[in-house]
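Enquirer: Oh and the sequence shown: position 171 is 206 in this note's numbering, straight run, nothing missing.
Below is a structure I'd like to ask you about.
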Amino acid sequence: MSNIWQGNVILIIDDDPHVAEVLARLITKGMGHECRTCFNSSEALEMVKKQPFELIITDLVMPRVSGLDIAKTALAAYPDTLVIVVTGHRSLETGISALRIGVYDYILKPFKLDEVRHAVQRALERRTLLEENRNLKSQLALHEGKWEIVGKSPSMEHVYSLIQRAAPAQSTVLVTGESGTGKELVARAIHKLSQRSEAPFVSVNCGAIPDNLLESELFGHRKGAFTDADSDRTGRFVQADRGTIFLDEIGVMPLRLQVKLLRVIQEREVTPLGADKPIQVDVRIVAATNAELSEMIARGDFRDDLYYRLKVISIKLPPLRDRLDDVPRLVNHFIRKHAGRMGVEPKPFSREAIHTLQLFHWPGNVRQLENVVESCLSLSIGGEPIDVNELPDEVVQGRSSRHIPPEWTEGPIDLAAAVAQFERELIERAMDRCGSVKTKAAKLLGIKRTTLIEKLKRMEEA
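Next up, the structure:
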């Protein structure tokens, strides 16, 4: 089954092959767009049910199925589809009626090729405008934290850019990153910003489902397929039809199921356990893992062909320790989120508390930070800002151990080595904050660019 919105794919439907071929030549050779033709209205009806097109040009009066019925079916299945109907003078009223059901435009017979060219051009320009508006809305939504993805560090700006580019495509996406970095939030943002946003988003944690049940969970089963299969079960892929399925912890999937998943990607169909026939599905797959799949491939635990089919688009989320400048924004976001849920007034964190949070290494990443904020809001008494003494001991103590290495508290301290280590950390932090732009990092550090370059060179040689 073809993917949604693969360029300007145009379908021409007419029971007169000559007319269809003339239009096809105009659109492919004259306008440079990909085009398909169909001379059978019944076949066309099935095509538009299962496969979306950027634009459909259909004759209105045809044997068996009318162009109006085809338009209704296409628009019901894929509301963003643009449809142009071709009608004779005597059926002008029908052409106007078509506009009322959502058809974009109509062309009167006999038509001139220039009329068709202009109608197609107008339709595709409208498509471009709709896409641009959608992209602007997605940028605003992402930067306002609408999908709960918060941060303005260079590494997160890169993530936002990838999400915006990935959303309108239909390719599979592989999201990687440590546990707690927000991989499911990225998957949900991709879904919400895509043309599939009104269809289901189905999330499956492969690591939370026993191996012997995962196949039935994903693909479904028929009654009697195995012991305890007392009734039919609809699998998650069918539940996600026309939408997005998020497969978390994909690395734990058994090899035998990896083969079946590969078939779903290639054939766009699933076969429930105990079923004789496959079921066609139109599903976008977003997978996620905190494992190094390349290492699993080397050990023989993960299929390389599946890996490459999953990572057509790859998004890597940075750990929180690499974007500590985002901690204040994240804290404010979680304060608003949980204060509203608890029904209490939002209470800020003191400057010292925020600074302490920025000194912690956050092994649990954003999820751990959210838990800390929620806990502090729940336990805090009075109206004063939350201070350092209200933070969990693990955070306060972790802050100290991170910036005072154990060897510095035992025996004599090598001051030169300590200063060099601190300088290295400071430079690395500045480079991360400035997206590795040396001019900006030097300005942030208050040194000349040439001095920074020399220090970076010595760091590489050390």
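C-beta atoms are modelled at their ideal positions from N, C-alpha and C, and glycine is treated no differently.
None of the values given here were measured: they were computed from a predicted structure.
For histidine 53, list the residues DSSP reports as bridge partners.
Expert: Mapped onto the sequence shown, residue 53 falls at position 18. Bridge partners of histidine 53: none, in fact.
Enquirer: Given a threshold of 16 other Cβ atoms within 10 Å of its Cβ, counted over all protein chains shown, does leucine 248 qualify as buried or as exposed?
Expert: Translated into positions along the sequence shown, residue 248 becomes position 213. Its Cβ having fewer than 16 others within 10 Å, leucine 248 is exposed.
Enquirer: Classify asparagine 247 as helix, strand or coil using the three-state DSSP reduction.
Expert: Taking the sequence shown and counting its residues from 1, the one referred to as residue 247 is at position 212. Correct three-state label for asparagine 247: helix.
Enquirer: Tell me whether leucine 426 sits in a helix, a strand or coil according to DSSP, three-state version.
Expert: Against the sequence shown, residue 426 aligns to sequence position 391. If DSSP states are grouped into helix, strand and coil, leucine 426 belongs with coil.
Enquirer: Identify the continuous beta strand (DSSP E) that holds threonine 122 and give its terminal residues.
Expert: Sequence index remark: in the sequence shown, residue 122 carries index 87 (1-based). Start and end: 117–123.
Enquirer: Thinking just about the alpha-carbon of each residue, which of Arg344, Lys258 and Gly278 is nearest to the one in alanine 310?
Expert: Sequence index remark: in the sequence shown, residue 310 carries index 275 (1-based). Selected option, being the one with the closest Cα: Lys258.
Enquirer: Evaluate glycine 286 with the Cβ neighbour count: other Cβ atoms within 10 Å of its Cβ, from every protein chain shown; 16 or more gives buried, anything less gives exposed.
Expert: Locating residue 286 in the sequence shown gives position 251, where the first residue counts as 1. Result: buried.
Enquirer: Once you ignore the five residues that flank glutamate 252 on each side, which residues in its own chain have a CB closer than 8 angstroms to its CB?
Expert: Counted from its first residue, the sequence shown places residue 252 at position 217. Counting only Cβ-Cβ distances below 8 angstroms, and skipping sequence neighbours, we find Val239, Ile244, Gly270 and Arg271.
Enquirer: Please state the DSSP three-state secondary structure of threonine 207.
Expert: Numbered from 1 along the sequence shown, position 172 holds the residue referred to as residue 207. In the structure shown, threonine 207 sits in coil (DSSP, three-state: anything other than H, G, I, E or B).
Enquirer: I believe leucine 117 touches arginine 161 by the beta-carbon criterion, under 8 angstroms. Please report the beta-carbon distance rounded to the nearest angstrom.
Expert: For the purposes of this step, residue 117 is identified with residue 82 of the sequence shown, where counting begins at 1. For the purposes of this step, residue 161 is identified with residue 126 of the sequence shown, where counting begins at 1. Contact holds; Cβ gap of about 7 angstroms.
Enquirer: Give the single residue among Leu308, Ile119, Val57 and Pro289 whose Cα lies nearest to the Cα of valine 138.
Expert: Residue mapping note: residue 138 aligns to position 103 of the sequence shown, counting from 1. Among Leu308, Ile119, Val57 and Pro289, the Cα nearest to that of valine 138 belongs to Ile119.
Enquirer: Just to confirm, are aspartate 267 and alanine 323 a CB contact at a threshold of 8 angstroms?
Expert: Position 232 of the sequence shown, counted from the start, is the residue given in the question as residue 267. Position 288 of the sequence shown, counted from the start, is the residue given in the question as residue 323. In this structure, alanine 323 does not lie closer than 8 angstroms to aspartate 267 by Cβ.
Enquirer: Once DSSP output is grouped into helix, strand and coil, what is the label at valine 287?
Expert: Taking the first residue of the sequence shown as position 1, residue 287 is located at position 252. Valine 287: helix per DSSP, three-state reduction.
Enquirer: Please report the straight-line C-alpha distance between valine 472 and glutamine 403, rounded to a whole angstrom.
Expert: Position 437 of the sequence shown, counting from 1, holds the residue named residue 472. Position 368 of the sequence shown, counting from 1, holds the residue named residue 403. Rounded to whole angstroms, valine 472 to glutamine 403 spans 30 angstroms at the Cα level.
Enquirer: State the start and end residues of the unbroken beta strand (DSSP E) segment that holds valine 321.
Expert: Position 286 of the sequence shown, counted from the start, is the residue given in the question as residue 321. Here the beta strand (DSSP E) through valine 321 covers 319–324.
Enquirer: Around the C-beta of phenylalanine 261, are 16 or more other C-beta atoms found within 10 angstroms, so that it is buried, or is it exposed?
Expert: As a first step, residue 261 must be located in the sequence shown, where it is residue number 226. Exposed is the call here.
Enquirer: So isoleucine 45 and cysteine 70 are supposed to be a Cβ contact under 8 angstroms. How far apart are they, rounded?
Expert: Within the sequence shown, the letter at position 10 stands for residue 45. Within the sequence shown, the letter at position 35 stands for residue 70. Right, the Cβ-Cβ distance comes to about 5 angstroms (below 8 angstroms), so this counts as a contact.
Enquirer: Kindly list the residues whose CB is nearer than 7 angstroms to the CB of aspartate 51, restricted to its own chain and excluding five residues on each side of it in sequence; keep chain order.
Expert: Counting from 1 along the sequence shown, the entry for residue 51 is found at position 16. Excluding positions up to five away in sequence, the list is empty.
Enquirer: Is isoleucine 91 buried or exposed, if buried means 16 or more other CB atoms sit within 10 Å of its CB?
Expert: To locate residue 91, count along the sequence shown from 1; it is residue 56. Classification of isoleucine 91: buried, given that the 10 Å Cβ count is 16 or more.
Enquirer: Determine the closest residue to phenylalanine 281 out of Glu327, Val221 and Ile314, with distance taken between C-alpha atoms.
Expert: On the sequence shown, residue 281 is found 246 positions in, with the first residue counted as 1. Ranking Glu327, Val221 and Ile314 by Cα distance to phenylalanine 281 puts Val221 first.
Enquirer: Measuring alpha carbon to alpha carbon, tell me which residue in Ser101, Val305, Ala477 and Ala59 is nearest glycine 255.
Expert: Numbered from its first residue, the sequence shown carries residue 255 at position 220. Cα-wise, what sits closest to glycine 255 is Val305.
Enquirer: Assuming the contact rule is C-beta atoms closer than 8 angstroms, valine 316 and valine 273 should be a hit. Round their C-beta distance to whole Å, please.
Expert: Sequence index remark: in the sequence shown, residue 316 carries index 281 (1-based). Sequence index remark: in the sequence shown, residue 273 carries index 238 (1-based). Indeed, because the Cβ distance is near 6 angstroms, the residues count as touching under 8 angstroms.
Enquirer: Flag this pair as yes or no: are the beta carbons of valine 362 and alanine 388 separated by less than 8 angstroms?
Expert: Mapped onto the sequence shown, residue 362 falls at position 327. Mapped onto the sequence shown, residue 388 falls at position 353. No, they are not a contact pair.
Enquirer: Skipping 5 residues on each side, what residues in its chain have a beta carbon closer than 7 angstroms to that of isoleucine 142?
Expert: Residue mapping note: residue 142 aligns to position 107 of the sequence shown, counting from 1. These residues qualify, in order along the chain: Ile119, Val121, Glu150, Val151 and Ala154.
Enquirer: So the candidates are Lys147, Gly67, Leu412 and Lys84; which of them puts its Cα closest to the Cα of proline 427?
Expert: On the sequence shown, residue 427 is found 392 positions in, with the first residue counted as 1. Checking every option, the nearest Cα to that of proline 427 belongs to Leu412.
Enquirer: Tell me serine 349's beta-bridge partners as DSSP assigns them.
Expert: Stepping through the sequence shown from its first residue, residue 349 is reached at position 314. BP columns for serine 349 point to Leu209.
Enquirer: Quick one: what's got a C-beta closer than 6 angstroms to asparagine 400's C-beta in the same chain, skipping five residues either side?
Expert: Here residue 400 is taken as the residue at index 365 of the sequence shown, counted from 1. Closer than 6 angstroms at Cβ, skipping near neighbours: Glu213, Gly215, Thr216, Pro354 and Leu355.
Enquirer: Which one of Ser188, Ala111, Lys64 and Val96 has the shortest CA to CA distance from arginine 464?
Expert: The sequence position of residue 464 within the sequence shown is 429, counting from 1. Checking every option, the nearest Cα to that of arginine 464 belongs to Ser188.
Enquirer: With H, G and I counted as helix, E and B as strand and the rest as coil, what does DSSP make of aspartate 140?
Expert: If you number the sequence shown from 1, residue 140 lands on position 105. Strand at aspartate 140.
Enquirer: Kindly identify the DSSP beta-bridge partner or partners of threonine 279.
Expert: As a first step, residue 279 is located in the sequence shown; it is residue number 244 there, counting from the start. Paired residues: Phe236 and Arg319.
Enquirer: What would DSSP say about aspartate 265, mapped onto helix, strand or coil?
Expert: Along the sequence shown, one-based indexing puts residue 265 at 230. The answer is coil: DSSP assigns aspartate 265 none of H, G, I, E or B.
Enquirer: Keeping to the same chain, check which residues put their C-beta closer than 7 angstroms to that of serine 435; ignore five residues upstream and five downstream.
Expert: Locating residue 435 in the sequence shown gives position 400, where the first residue counts as 1. In this predicted model, serine 435 has a pLDDT of only 45, less than 50, meaning its place in the structure is not dependable; the value taken from the coordinates is given anyway. Excluding positions up to five away in sequence, the list is empty.
Enquirer: Taking a contact to mean a Cβ-Cβ separation below 8 angstroms, would you say proline 145 touches tyrosine 113 in this structure?
Expert: Counted from its first residue, the sequence shown places residue 145 at position 110. Counted from its first residue, the sequence shown places residue 113 at position 78. Against a cut-off of 8 angstroms, the Cβ pair of tyrosine 113 and proline 145 comes out as no contact.
Enquirer: In the DSSP assignment, find the beta strand (DSSP E) that holds threonine 93 and state where it starts and stops.
Expert: Sequence index remark: in the sequence shown, residue 93 carries index 58 (1-based). Counting along the chain, the beta strand (DSSP E) containing threonine 93 begins and ends at 90–94.
Enquirer: Enumerate in chain order the residues of its own chain whose CB-to-CB distance from serine 232 is below 8 angstroms, with the five nearest sequence positions on each side excluded.
Expert: Residue 232 sits at position 197 when you count from the first residue of the sequence shown. Taken in chain order, the residues that qualify are His226.
Enquirer: Do isoleucine 62 and glycine 102 have their CB atoms nearer than 8 angstroms?
Expert: As a first step, residue 62 must be located in the sequence shown, where it is residue number 27. As a first step, residue 102 must be located in the sequence shown, where it is residue number 67. Not a contact, by the Cβ cut-off of 8 angstroms.
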